[in-house]
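One structure is given here, and the rest of the page talks about it.
In my numbering, the protein residues as written are 1157 to 1474.
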């Protein structure tokens, strides 16, 4: 089988595919024109979040059997078009959980202790110790939207075990607990927003979660609370978030994801540029660790090899 690699993935996964006899064509960084030219010849396509596999691309992929997403989000793939064409779509939802969870906690600590602002001022030769009174994470009530998911679950574990924070959760699915730990769950997002000192988002982007935190819900958050988003930018209504930050209703926001990446809209640039450490912004690095990248690549490759072996075995029995 021929495998078209559209984005940069860890070489260990590609080595697994080659060892298993797959013909791997590494075209990381491929543009749309070249993709449409090449993809008709391949049975497997591997992408990360950069490459868009829309309906037109899926239609052109006449031989394609598998789309492998090294990572979690599938919003760059027209999943319905793929299913309609008989193409399986796989991702690796567990692989980046630790990395994203650790970044989430890092953003929380950066806001509470004003770490980026302190670093910026030190580099400028200014000693502003008396302006950097912070907050402890221990004992804070942290609302986790998507608590039952892999990342939400890991964030909850780290906060509870490592920081003795009080975790409040909301999820639309039945929660999956960690042995020996217990969490309180709210019946609604609104209740979580009203009770939490910090709110962190860990849900996939779907039509149902678009602007899940709209202006009305954001305004329900406690005065002086913090918002963390390491999921997808459009889960939060950005202009409303900007206004609440400017008003001081929200004390700060830690953002790893944006409406457009990199941000181009003036309102989003304004969020990133808010002064005095009100926002901490990172460039979608949630899964950007050596460990997560390797796990994503290896898990995806192993599944491709396993499923291909099953298909060949079934064909041999016919």
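All residues carry an ideal CB built from backbone N, CA and C; glycine is no exception.
What would DSSP say about residue i, mapped onto helix, strand or coil?
i, result
"residue 1411", "strand"
"residue 1341", "strand"
"residue 1286", "helix"
"residue 1448", "helix"
"residue 1186", "coil"
"residue 1292", "coil"
"residue 1251", "coil"
"residue 1241", "coil"
"residue 1383", "strand"
"residue 1324", "strand"
"residue 1271", "helix"
"residue 1213", "helix"
"residue 1426", "helix"
"residue 1435", "strand"
"residue 1194", "helix"
"residue 1163", "coil"
"residue 1301", "strand"
"residue 1402", "helix"
To the nearest angstrom, how far is it from the Cα of residue i to the Cα of residue j?
i, j, result
"residue 1297", "residue 1198", "50 Å"
"residue 1435", "residue 1163", "30 Å"
"residue 1255", "residue 1444", "7 Å"
"residue 1270", "residue 1432", "9 Å"
"residue 1170", "residue 1466", "20 Å"
"residue 1230", "residue 1342", "28 Å"
"residue 1479", "residue 1462", "This structure leaves residue 1479 out entirely; the chain is present only between 1157 and 1474."
"residue 1409", "residue 1221", "41 Å"
"residue 1168", "residue 1207", "21 Å"
"residue 1340", "residue 1389", "26 Å"
"residue 1303", "residue 1193", "42 Å"
"residue 1272", "residue 1359", "27 Å"
Going by beta-carbon coordinates alone, are residue i and residue j separated by less than 8 Å?
i, j, result
"residue 1120", "residue 1181", "The chain is shown from 1157 up to 1474; residue 1120 falls before or after that span and cannot be answered."
"residue 1295", "residue 1322", "yes"
"residue 1379", "residue 1405", "yes"
"residue 1451", "residue 1251", "yes"
"residue 1381", "residue 1353", "yes"
"residue 1314", "residue 1293", "no"
"residue 1357", "residue 1387", "yes"
"residue 1261", "residue 1247", "no"
Could one say the Cβ of residue i lies closer than 8 Å to chain C's Cβ atoms, at least one of them?
i, result
"residue 1206", "The structure shown contains no chain C; it is built from a single protein chain."
Do you know whose CA, among the options, lies nearest residue i's CA?
i, options, result
"residue 1344", "1354, 1360, 1368 and 1353", "1368"
"residue 1196", "1158, 1174, 1165 and 1264", "1158"
"residue 1375", "1394, 1358, 1449 and 1290", "1394"
Any heavy atom of the ligand MG closer than 7 Å to the Cβ of residue i?
i, result
"residue 1452", "Of ligands this structure carries none, so the ligand MG is not represented either."
> Counting pairs of Cβ atoms below 8 Å between the stretch 1405-1420 and the stretch 1183-1193, do you hit three or more?
Replying inline: With the cut-off at 8 Å, the stretch 1405-1420 and the stretch 1183-1193 do not touch.
> Taking contact to mean at least 3 C-beta pairs separated by less than 8 Å, is the stretch 1456-1463 in contact with the stretch 1169-1183?
Replying inline: Result yes; three or more Cβ-Cβ pairs closer than 8 Å.
> Does the count of Cβ pairs from the stretch 1362-1376 and the stretch 1309-1316 closer than 8 Å reach three?
Replying inline: no
> Is it a yes or a no for the stretch 1201-1219 touching the stretch 1233-1251, going by three-plus beta-carbon pairs under 8 Å?
Replying inline: yes
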